[in-house]
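In this note's numbering, the protein residues as written are 12 to 101.
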């Protein structure tokens, strides 16, 4: 989220109108619904986690122990169990 000066992008009459409600404060203007992105979509984190989780599940299917998978991916054993459970349901 970036900050813009209202007087640099809005007509003065709109700035005056907004000042009647919030004078000198910060105002958050949300994105339009059609422009919203889900978490991790822009940074690629969501995609990277999906790929990692698939690899974890493949390791599990190959017979790798949960303890060893946890060490390999630097995650707790309970996190590995959750990921495996989620991947089974996909």
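Glycine is no exception: its CB is placed at the ideal position from the N, C-alpha and C atoms. Just so we're clear, the structure is a prediction, and the values are computed from it rather than from any experiment.
Among the options, the one whose alpha carbon lies nearest that of residue i
i, options, result
"residue 90", "52, 41 and 77", "77"
"residue 62", "98, 13, 23 and 49", "98"
"residue 101", "65, 30 and 50", "65"
"residue 36", "46, 17 and 51", "17"
Proximity of residue i and residue j at Cβ, strictly below 8 angstroms
i, j, result
"residue 69", "residue 95", "no"
"residue 25", "residue 38", "no"
"residue 88", "residue 81", "yes"
"residue 57", "residue 51", "yes"
Exposure of residue i, with buried meaning 16 or more beta-carbon neighbours within 10 Å
i, result
"residue 14", "exposed"
(request) Entirely within the segment 15 to 55 and at least 4 residues each: give me those alpha helix (DSSP H) ranges in chain order. (result) 17 to 20 and 23 to 32
(message) For a minimum of 4 consecutive residues, which ranges assigned as the alpha helix (DSSP H) are wholly contained in the segment 70 to 95?
(response) 77 to 84
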